[in-house]
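Residue numbers for the sequence shown follow the working numbering, so the first one is 91 and each next one is one higher.
Ideal Cβ positions, reconstructed from N, Cα and C, are used throughout, including at glycine.
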Amino acid sequence: MDVTGYHLSARYAKTLRLVGRVADQAATLVQQRMRERMPATSIQVVDGKRYLQALVEGQQAVLSTSRLPNRRSDPSVYGATTLSPTGVLILINAKACADPTNLVETVVHELVHSVQYGRPGNRENAIKGLRNNYGIEPMSWRGAWKINRIHDRDELEAQALEVLAREIR
Ligand SMILES: [Zn+2]
Numbered sequence: 091m092d093v094t095g096y097h098l099s100a101r102y103a104k105t106l107r108l109v110g111r112v113a114d115q116a117a118t119l120v121q122q123r124m125r126e127r128m129p130a131t132s133i134q135v136v137d138g139k140r141y142l143q144a145l146v147e148g149q150q151a152v153l154s155t156s157r158l159p160n161r162r163s164d165p166s167v168y169g170a171t172t173l174s175p176t177g178v179l180i181l182i183n184a185k186a187c188a189d190p191t192n193l194v195e196t197v198v199h200e201l202v203h204s205v206q207y208g209r210p211g212n213r214e215n216a217i218k219g220l221r222n223n224y225g226i227e228p229m230s231w232r233g234a235w236k237i238n239r240i241h242d243r244d245e246l247e248a249q250a251l252e253v254l255a256r257e258i259r
């Protein structure tokens, strides 16, 4: 798996190395447990203060837009999983994940979201959600409600599988 630092300062070199070391192992474990395949996924480790910039840049690339989102994401989260033009992009917030146990759990959690994006219809729904958030094409209340329901269910699934992190050496 492609693991890179997003304008990452040297103080997070250890974080980047650890993510690089566990990413493939975590991806294998997650796919085996879920019995589903993961779309092409890359991971960017990002400094806390550049987290929002990395997220917006990634999403702008998917939408081919230079617009900004209507809704601002929470910059203090451990990580996020979003689409990339060809698959999935995972962002790991190096500052929020200072603790190694936390870091590996976050990698597992976000990889579960990556698998979820590969399920039928989910990429299309995610693009609809992004187009709504970037003011390109508004979504119906009904559509937004449905996406929120799926999101809540996906979140619970990702949390439940964080225990897989304990199997990673
Ligand atoms: Zn999540």
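Nearer than 8 Å: is that true of the beta carbon of E214 relative to any heavy atom of ligand 1?
Translated into the one-based positions of the sequence shown, residue 214 becomes position 124. No, the Cβ of E214 stays beyond 8 Å of every heavy atom of ligand 1.
Here's the rule I'm using: 16 or more other beta-carbon atoms within 10 Å means buried, otherwise exposed. How should T176 be labelled?
For the purposes of this step, residue 176 is identified with residue 86 of the sequence shown, where counting begins at 1. By the 10 Å Cβ count, T176 comes out exposed.
Could you pull the start and end residues of the beta strand (DSSP E) that T94 belongs to?
Here the question's residue 94 lines up with position 4 in the sequence shown. Per DSSP, T94 belongs to the beta strand (DSSP E) from D92 to Y96.
Measuring CA to CA, which of L193, V136, H241 and L181 is closest to A216?
Along the sequence shown, one-based indexing puts residue 216 at 126. For A216, the nearest C-alpha among the options comes from H241.
Starting from S78 and walking both ways along the alpha helix (DSSP H), at which residues does that stretch end?
The structure shown does not extend to residue 78, since the chain is modelled only from 91 to 259, so the question has no answer here.
Please state if the CB of H199 and the CB of L142 are separated by a distance shorter than 9 Å.
Counting from 1 along the sequence shown, the entry for residue 142 is found at position 52. Counting from 1 along the sequence shown, the entry for residue 199 is found at position 109. Going by C-beta atoms, L142 is not nearer than 9 Å to H199.
Would you tell me roughly how many angstroms separate the C-alpha atoms of R101 and R161, rounded to the nearest one?
Position 11 of the sequence shown, counted from the first residue, corresponds to residue 101. Position 71 of the sequence shown, counted from the first residue, corresponds to residue 161. Whole-angstrom Cα-Cα distance: 30 Å.
Could you spell out the range, first to last residue, of the beta strand (DSSP E) harbouring G169?
Residue mapping note: residue 169 aligns to position 79 of the sequence shown, counting from 1. Where G169 is concerned, the enclosing beta strand (DSSP E) stretches over G169 to L173.
Taking C-alpha atoms, which residue in A151, N183 and L153 lies nearest to P165?
Counting from one through the sequence shown, the residue named residue 165 turns up at place 75. For P165, the nearest C-alpha among the options comes from N183.
Return yes when at least one heavy atom of ligand 1 lies under 8 Å from the C-beta of A248, else no.
Against the sequence shown, residue 248 aligns to sequence position 158. Checking the Cβ of A248 against ligand 1 gives yes.
My output table needs one value for L179: the three-state DSSP class, helix, strand or coil.
Counting from 1 along the sequence shown, the entry for residue 179 is found at position 89. In the structure shown, L179 sits in a strand (DSSP, three-state: E or B).
Enumerate in chain order the residues of its own chain whose CB-to-CB distance from S132 is below 8 Å, with the five nearest sequence positions on each side excluded.
For this step, residue 132 is matched to residue 42 along the sequence shown. Around S132: M91, D92, V93, T94, S174, G177, V178, L179 and I180.
Do you know offhand how far L98's Cα is from D137's?
For the purposes of this step, residue 98 is taken as residue 8 along the sequence shown, with counting starting at 1. For the purposes of this step, residue 137 is taken as residue 47 along the sequence shown, with counting starting at 1. Those two C-alpha atoms are separated by around 6 Å.
If you follow the beta strand (DSSP E) that I133 is in, where does it begin and where does it stop?
Taking the sequence shown and counting its residues from 1, the one referred to as residue 133 is at position 43. First-last of the beta strand (DSSP E) with I133: T131 to V136.
Looking at R140: is its Cβ nearer than 9 Å to the Cβ of Y224?
Here residue 140 refers to the residue found at position 50 when the sequence shown is read from its first residue. Here residue 224 refers to the residue found at position 134 when the sequence shown is read from its first residue. For R140 and Y224, no; Cβs fall outside 9 Å.
Give the DSSP-derived three-state secondary structure of D242 in the structure shown.
Counted from its first residue, the sequence shown places residue 242 at position 152. Of the three classes helix, strand and coil, the one that applies to D242 here is helix, per DSSP.
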